[in-house]
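Protein chains: 2
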Amino acid sequence: MDLRTLYNKAILGENLYQQVKQARSELYSKYPDSTPFVGKMFSMNQKEGFIKLAKNFKNLAAIMKGKDQQLIQNMHLVTEIGVLFLHFNAFLSTIQMLGTPEQVKYWENLALNFQVLGAYAQTEMGHGSDVQGLLSRADYDLETDSFILNSQDPKSGKYWPGVLGINCTHCVFQAQTFVKGQYIGVQTFVVPIRDKNNQMKQYPGVEAGDIGPKFGFQYTDNGYLYLKNYRIPRENLLMRYCQVSKDGSFKIAGKKAIKLGYGSMLNLRVILVASFCFGALSSTHLAYHNRELAKKYCEETYHLQKKQIGIRDIYFKEDFARMTSYLMSSLKLKEMYARYQKAIQQDDPNILSILAEIHILSAGFKACSSWAQLQTVRQNLIYNDPIGHLNWSGQPQRLGDSIPAPTYEGDNHVLLQQTGKYLLKLFMVIQKAKKSKESLSDKEKFMLGGELSFFVDCAFQRKAVDVLHNLNMNDFESVMKALEMTLFLYIQDVAQSIYSEIKTGEKPIHKLLNEQYQDRIVNYSKFFIHVMNVRFCRSYLLQNSFESKTEKTLQTLLHIYLLSMVDLYKVLMFTYQLSNASKLAPIANLKYQLYTQINDKFLIDSFENPIKEFQNSNSVDVFEKESQNIEAYLTETFTELANEQQKQTPRL
Amino acid sequence: MDLRTLYNKAILGENLYQQVKQARSELYSKYPDSTPFVGKMFSMNQKEGFIKLAKNFKNLAAIMKGKDQQLIQNMHLVTEIGVLFLHFNAFLSTIQMLGTPEQVKYWENLALNFQVLGAYAQTEMGHGSDVQGLLSRADYDLETDSFILNSQDPKSGKYWPGVLGINCTHCVFQAQTFVKGQYIGVQTFVVPIRDKNNQMKQYPGVEAGDIGPKFGFQYTDNGYLYLKNYRIPRENLLMRYCQVSKDGSFKIAGKKAIKLGYGSMLNLRVILVASFCFGALSSTHLAYHNRELAKKYCEETYHLQKKQIGIRDIYFKEDFARMTSYLMSSLKLKEMYARYQKAIQQDDPNILSILAEIHILSAGFKACSSWAQLQTVRQNLIYNDPIGHLNWSGQPQRLGDSIPAPTYEGDNHVLLQQTGKYLLKLFMVIQKAKKSKESLSDKEKFMLGGELSFFVDCAFQRKAVDVLHNLNMNDFESVMKALEMTLFLYIQDVAQSIYSEIKTGEKPIHKLLNEQYQDRIVNYSKFFIHVMNVRFCRSYLLQNSFESKTEKTLQTLLHIYLLSMVDLYKVLMFTYQLSNASKLAPIANLKYQLYTQINDKFLIDSFENPIKEFQNSNSVDVFEKESQNIEAYLTETFTELANEQQKQTPRL
Ligand SMILES: Cc1cc2nc3c(=O)[nH]c(=O)nc-3n(C[C@H](O)[C@H](O)[C@H](O)COP(=O)(O)OP(=O)(O)OC[C@H]3O[C@@H](n4cnc5c(N)ncnc54)[C@H](O)[C@@H]3O)c2cc1C
Ligand SMILES: Cc1cc2nc3c(=O)[nH]c(=O)nc-3n(C[C@H](O)[C@H](O)[C@H](O)COP(=O)(O)OP(=O)(O)OC[C@H]3O[C@@H](n4cnc5c(N)ncnc54)[C@H](O)[C@@H]3O)c2cc1C
């Protein structure tokens with residue numbers, strides 16, 4: 003595999019790249035007005051943007067009709083239409099996961115042919131992370147064989163869902179559900195919102211609209227939705243795990259089935275990890291090209307014609323190191339997800355344990371990679387891209403897309419708390435195992451044996467003194483071992499404090515976990531994900547074969563990433579006596595050496611950036627254009643003016 | 003002094019607050035359409051924004067006519083018009099500094115009466131930080147008694163100056179200057195750009211325009227400017243330090259005079275430090291109020307009704323701790339600046355040394371406080387403000403204002419390099435002093451005796467072992483001493499490597515400083531500013547008397563800030579054996595204790611936030627409004643609809 007193949011595979015999935023490229027050029031040749039938003043962000047107001055979005059969407063749908071299903075489901079990759087991402091990866095995928103085979107077939111047909119456009123309406127004004135607290139309500143009405151949906155007060159209004167504001171015809175909708183007065187839990191419905199055949203008129207009983215201009219996804223409509231005694235047919239309840247019959251009898255699947263059903267939702271987080279890597283790398287790619295462009299018009303300052311390495315170059319290389327690592331990990335997460343799906347088919351007895359593990363990993367990786375994307379883009383906008391503040395550099399739009407990522411699809415802190423709570427459990431299990439390994443349940447054994455088994459090694463085998471003794475910054479494995487051991491001891495510390503507070507019984511557990519210890523739990527969970535990131539990459543490198551320059555580059559990038567982790571966590575390494583000043587001393591020079599081994603142009607050329615193509619295809623390359631204008635202007639227009647120049651210009 | 007007084011004093015200067023408040027309400031009552039931009043950022047495109055800006059400016063100018071000069075010069079504080087900030091603090095102040103008394107009088111009269119609107123045009127397409135490399139050129143033409151200005155190629159075009167794009171009538175303009183073919187250095191001119199009496203038509207020979215939509219200051223025009231054989235009267239050369247006579251004879255002041263002249267420019271950076279604090283705190287203030295508002299509409303989650311402290315609360319308290327510290331330091335910088343001006347008047351023999359010190363401090367403080375502002379606003383937008391992503395929360399606009407701050411008025415890295423180079427010199431002087439104190443020059447003695455004298459103490463008195471021995475996280479002074487000592491040893495380390503590389507003579511010095519060691523120099527300079535920040539605050543607290551609750555609060559905030567510095571630099575403290583795990587252990591609990599001693603509401607209520615007033619006065623408080631609408635809607639409109647509700651809604 004070469005680097006280009008790796009990037010395309012991770013971002014678009016195997017083989018999709020060529021198809022996406024073709025579809026894109028088809029779109030632009032047939033509909034030249036389908037220009038994307040890059041570089042236009044602040045030249046349009048929200049309304050103008052919405053209109054443009056709707057046009058782009060129509061054109062794209064026309065191109066896509068009848069094409070391969072896999073391509074269609076990745077249509078958002080063809081152009082920057084986030085709307086479609088939600089339609090396929092939130093709306094349709096929820097139906098695919100919670101619907102009966104018949105329901106799936108019915109809605110797939112409509113969704114893939116763009117006869118409906120769907121939103122995912124879960125978050126309410128009063129409830130984001132706390133899904134169990136939702137207030138939207140659905141009551142089954144025997145008489146009319148329909149569900150009556152209600153949002154009873156402002157808190158229960160849906161608030162935030164993308165596409166809900168003006169564009170969608172339908173949404174999937176979560177509500178507390180009652181049949182004959184009996185509560186049957188939070189269920190999911192497909193709810194018609196607007197009539198596509200009648201100028202997208204809202205159905206009576208629906209009150210929906212856009213929540214207002216925002217920073218990030220400016221031209222995507224995010225909506226609110228209030229329903230009052232709104233009737234939908236019984237069959238619009240997604241019935242894979244919860245069947246309600248015409249006579250009001252109902253059957254609800256076991257907890258395990260439901261958990262597994264929701265499990266497929268976490269695929270979205272895995273997809274997001276790759277998409278954040280793409281977002282960050284495309285920003286860095288733009289920055290690099292804008293620097294090349296700027297060379298023509300700017301004096302070659304130190305950093306444009308350098309032999310040495312300064313801050314901008316360090317940022318550049320560290321961006322690639324960080325984001326390429328997340329990208330390789332996203333491929334490992336995809337493999338895990340595939341294994342999980344296979345395990346379902348094979349009725350694996352450990353299936354819930356497998357689910358738990360991939361859940362806490364994908365949650366944690368979503369959080370850390372969205373932060374990494376934001377960091378990368380911010381630095382590009384301010385420092386690395388010489389025209390980064392300007393719209394047509396493409397960076398402001400990248401920033402707009404990165405800013406909400408720590409919030410949507412799960413607030414990062416809340417996600418990392420979930421990762422952290424799993425790690426707390428793991429520590430209890432390790433304590434138990436220390437006393438007697440025999441007493442462990444299968445679930446507990448699985449926890450100790452899966453991807454996190456290095457903790458067991460830390461607990462039972464590794465000795466801090468040996469790890470310290472062997473530590474050598476040039477030796478990847480030894481650094482890795484020291485970081486793992488540090489992480490282990492850090493979590494152990496926090497876990498012990500928490501458990502001893504729990505024992506006193508003075509404070510409720512949820513207060514301890516969600517408030518008093520929240521920051522520490524989030525902190526060690528971040529550290530954990532960084533360690534997993536290195537582990538995943540290293541194993542991806544070992545398990546795949548690469549063209550030699552690519553392999554060397556990937557190893558160097560990973561080493562840089564590893565050392566930046568040491569920088570980040572060296573204080574903990576000191577604290578737990580897993581490092582000291584003399585062990586750390588060589589880092590600065592070693593990093594410097596590693597930087598020089600990276601060929602920037604190789605990284606850049608291996609990354610195919612559709613956003614850069616958009617820029618070119620639309621000639622928003624104003625820098626070049628404007629400079630040309632100015633040159634022309636100087637040579638032509640002014641020669642005349644100069645001649646008839648008035649001798650005296652007024653002082654005022 | 004109480005906390006409110008401190009804030010108002012630092013942000014607006016003594017006594018100005020009431021006047022600004024009055025002017026603002028006068029503006030809104032006379033011109034209700036002068037609504038500010040808060041909350042409107044993404045509802046207007048750039049053109050709409052420009053038009054609104056021009057209107058607001060006109061109204062404001064009408065209000066201000068004939069008012070007190072100090073108030074007029076702070077007109078940008080009355081409403082969010084950055085244009086005016088540049089007009090007074092860059093355009094007029096440059097004239098005040100480089101013009102003859104006669105020139106100053108002439109332009110002050112026009113500027114204060116808004117008969118001209120000025121830009122500050124220094125940066126060129128090809129030259130930002132490197133002012134000596136400018137390519138714009140001015141030649142004195144004996145025949146017409148005028149200067150002929152030229153931008154000879156695209157690189158020499160001015161690029162970025164605010165107000166230059168569409169609004170200004172004049173700018174101050176830097177150019178390489180020649181008289182009778184003789185080079186007389188970079189000089190500054192007042193250049194007419196547009197005719198105010200003729201629909202702002204550009205004068206022939208001028209080609210100026212807006213550089214395009216951008217993120218940050220979206221509705222401020224940033225411009226480009228090309229001049230071709232453009233004549234301006236000789237008297238438009240600012241002649242305080244460089245007189246050119248009609249006959250082409252000229253007289254240039256000595257280096258010292260010129261340096262002092264430019265010195266007053268650094269006042270702008272001092273002003274910026276306070277303005278970044280204001281930007282950050284107003285964002286935190288909005289976040290707090292938006293959280294209060296949200297309580298009405300959202301379930302009271304852990305973090306809205308808390309006894310304990312979670313991540314959001316920590317962010318909130320640390321924001322206040324960090325930004326209040328910078329604010330107190332800005333007052334110290336203002337004092338230093340006043341002392342500097344007095345020293346000029348008194349012909350102090352050390353005047354250049356005094357200038358050097360305040361220069362490197364204001365440069366470093368500008369850099370670090372602009373980063374701190376960005377960090378605060380980003381966190382508010384994403385986490386602390388429940389509606390932060392939405393425009394009408396006010397946060398996106400705050401972010402837009404914060405993003406370019408690390409770039410304008412000097413790129414932060416370049417500024418910190420200047421601070422860092424001064425510190426390198428200081429180390430050479432300390433080495434010299436170690437050998438023999440007698441051999442020091444007056445300049446060198448001054449360096450060791452000024453605000454940085456604690457380094458001398460570190461070099462000659464303090465012993466690391468004692469400092470470590472006395473270190474106690476509860477004892478402010480002991481922590482301070484350990485941080486200072488760590489900083490000293492860190493700089494010493496880097497300085498020694500640099501000097502030993504310089505000795506070998508293998509690499510040019512500028513390459514070592516500007517490239518190879520750039521990141522390390524920037525790093526220790528940041529650390530230095532943080533230490534100075536604590537030192538300044540502590541001394542401000544000692545030198546002023548406060549109402550007791552205020553004093554307690556300020557001390558607690560400063561202690562929190564100090565401990566966050568320990569968190570940031572503890573790895574260096576370990577490295578130089580100025581801390582260890584057991585000394586650090588109490589930090590987490592101590593911080594927690596300090597957090598609980600802070601009364602959030604006291605902080606919030608003491609901070610008068612005009613931006614919040616704008617929000618109210620313009621009812622952009624959509625959250626409230628919209629929720630009211632929804633409630634009304636639910637109770638009225640829907641009662642009808644519900645009755646005539648069709649029994650069956652189509653599935654599609
Ligand atoms: C651009 C964008 C697009 C979106 N698109 C959609 C969409 O298509 N469909 C949809 O349904 N939603 C969507 N959302 C909503 C999004 O999923 C929610 O904002 C998110 O789940 C967080 O919920 P919240 O905003 O209510 O925050 P909260 O749940 O109130 O969390 C905010 C903070 O409260 C604290 N907190 C919350 N719970 C806990 C806890 N248990 N313990 C400790 N602390 C806690 C944390 O500090 C957290 O940072 C979108 C949001 C954005 C910004
Ligand atoms: C919103 C905004 C408003 C502005 N308003 C004005 C205005 O009103 N008037 C005006 O004249 N200008 C204005 N500017 C321009 C601003 O002052 C310049 O952008 C700034 O001085 C930096 O110059 P530059 O962009 O050319 O970057 P450069 O000077 O090219 O610096 C960019 C990077 O190069 C590296 N670098 C540069 N020099 C060195 C060195 N000596 N050693 C090592 N590394 C180095 C650093 O890493 C630095 O981060 C504005 C800019 C912005 C963004």
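One line per chain: the protein sequences are A and B, in this order. Every position in the first sequence, counted from 1, becomes a number in this note's numbering once 2 is added. Every position in the second sequence, counted from 1, becomes a number in this note's numbering once 2 is added. Positions of the beta carbon are idealized from the N, C-alpha and C atoms, including for glycine.
S131 of chain A CB to nearest heavy atom of ligand 1 below 6 Å: Within the cutoff, so yes.
Within chain A, the residues that G214 of chain B reaches when beta carbons sit closer than 7 Å: Ordered by position in chain A, the residues that pass the 7 Å Cβ test against G214 of chain B are L392, N393, W394 and V624.
Contact list for K572 of chain B against chain A, beta-carbon separation under 7 Å: Ordered by position in chain A, the residues that pass the 7 Å Cβ test against K572 of chain B are V573.
Runs of alpha helix (DSSP H) wholly within the stretch 491-564 of chain A (minimum 4 residues, chain order): Scanning the stretch 491-564 of chain A from its first residue to its last, the whole alpha helix (DSSP H) runs of 4-plus residues come out as 520-545.
Proximity test, Cβ basis, 7 Å: I74 of chain B and chain A: no
Environment of K160 of chain B [buried if 16+ CB atoms lie within 10 Å]: buried
Selection from A:V481, A:V458 and A:N476 that minimises the alpha carbon distance to D468 of chain A: Ranking A:V481, A:V458 and A:N476 by Cα distance to D468 of chain A puts A:V481 first.
Segments of 3+ residues assigned as beta strand (DSSP E) that fall wholly inside the stretch 136-220 of chain B: 139-143, 148-152, 160-164, 172-181, 184-194 and 208-212
Segment limits, alpha helix (DSSP H) that includes A374 of chain A: I353 to Q381
Chain-ordered chain A contacts of N47 of chain B [CB-CB under 8 Å]: Within 8 Å of the CB of N47 of chain B, the CB atoms of chain A belong to F44, S45, M46, N47 and E50, in sequence order along the chain.
Residues near A123 of chain A in its chain [Cβ-Cβ closer than 7 Å; skip 5 each side]: K160, P163, L166, C173, V174, F175 and L227
Burial state of Y185 of chain A, where buried means 16 or more other Cβ atoms lie within 10 Å: Exposed: under 16 other Cβ atoms inside 10 Å.
The beta strand (DSSP E) enclosing R242 of chain A, as first and last residue numbers: Counted as a single uninterrupted DSSP element, the stretch harbouring R242 of chain A is not any beta strand (DSSP E), since DSSP gives it neither H nor E.
Chain A contact for L18 of chain B (CB, 7 Å cutoff): no
C-alpha gap between Y243 of chain B and L100 of chain B, whole angstroms: 7 Å
Segment contact, 8 Å Cβ cut-off, at least three pairs: the stretch 190-209 of chain B with the stretch 255-265 of chain B: no
7 Å Cβ shell around Q220 of chain A - same chain, five flanking residues per side excluded: Cβ-Cβ distances below 7 Å link Q220 of chain A to M43, Q48, G51 and G402 in the same chain, with the five nearest sequence neighbours on each side left out; the list follows chain order.
is_contact[P103 of chain A, chain B] using C-beta, thresh 7 Å: no
Residue-level contact to chain A via CB, F175 of chain B, 7 Å cutoff: Judged by the 7 Å Cβ criterion, F175 of chain B is not in contact with chain A.
Interface partners of L556 of chain A on chain B, CB under 8 Å: Going along chain B, no residue has its Cβ under 8 Å from L556 of chain A, so there is no contact; the nearest lies around 24 Å.
Residue-level contact to chain A via CB, F149 of chain B, 7 Å cutoff: no
Between the CA atoms of Q494 of chain B and C539 of chain B - distance to the nearest angstrom: 25 Å
Proximity test, Y385 of chain B beta-carbon vs ligand 1 heavy atom, cut-off 6 Å: yes
Burial state of R341 of chain A, where buried means 16 or more other Cβ atoms lie within 10 Å: exposed
Simplified DSSP state of K253 of chain A, which is helix, strand or coil: strand
Delimiting residues of the alpha helix (DSSP H) encompassing A435 of chain B: N414 to K437
Assigned exposure category for F93 of chain B - 16 Cβ within 10 Å defines buried: buried
Cβ separation of F280 of chain A and L559 of chain A, assumed to be a contact under 8 Å, to the nearest whole Å: The Cβ separation is near 16 Å, so there is no contact.
N-terminal and C-terminal residue of the beta strand (DSSP E) that L442 of chain A is part of: That residue, L442 of chain A, is in no beta strand (DSSP E); it is neither H nor E in DSSP.
Interface flag, L384 of chain B vs chain A, CB-CB below 7 Å: With the sequence shown as reference, residue 384 of chain B is identified as Ile, and Leu is not the correct amino acid for it. Using beta-carbon distances, I384 of chain B counts as an interface residue toward chain A, with a partner under 7 Å.
For V573 of chain A and V573 of chain B, the rounded distance between their alpha carbons: 5 Å
Beta-carbon neighbours of L401 of chain B, restricted to chain C and to distances below 7 Å: The structure shown contains no chain C; its protein chains are A and B.
Anticipated Cβ contact below 8 Å, L114 of chain B with A177 of chain B, distance rounded: Contact flag wrong, Cβ pair sits at about 26 Å.
Same chain, Cβ closer than 6 Å to Q599 of chain A, five either side skipped, listed in chain order: Residues of the same chain with a CB within less than 6 Å of the CB of Q599 of chain A, apart from the 5 flanking positions on each side, are T558 in chain order.
Per-residue DSSP class, three states only, for E126 of chain A: strand
Contact set between A374 of chain A and chain B, taken where Cβ atoms lie within less than 9 Å: Going along chain B, no residue has its Cβ under 9 Å from A374 of chain A, so there is no contact; the nearest lies around 14 Å.
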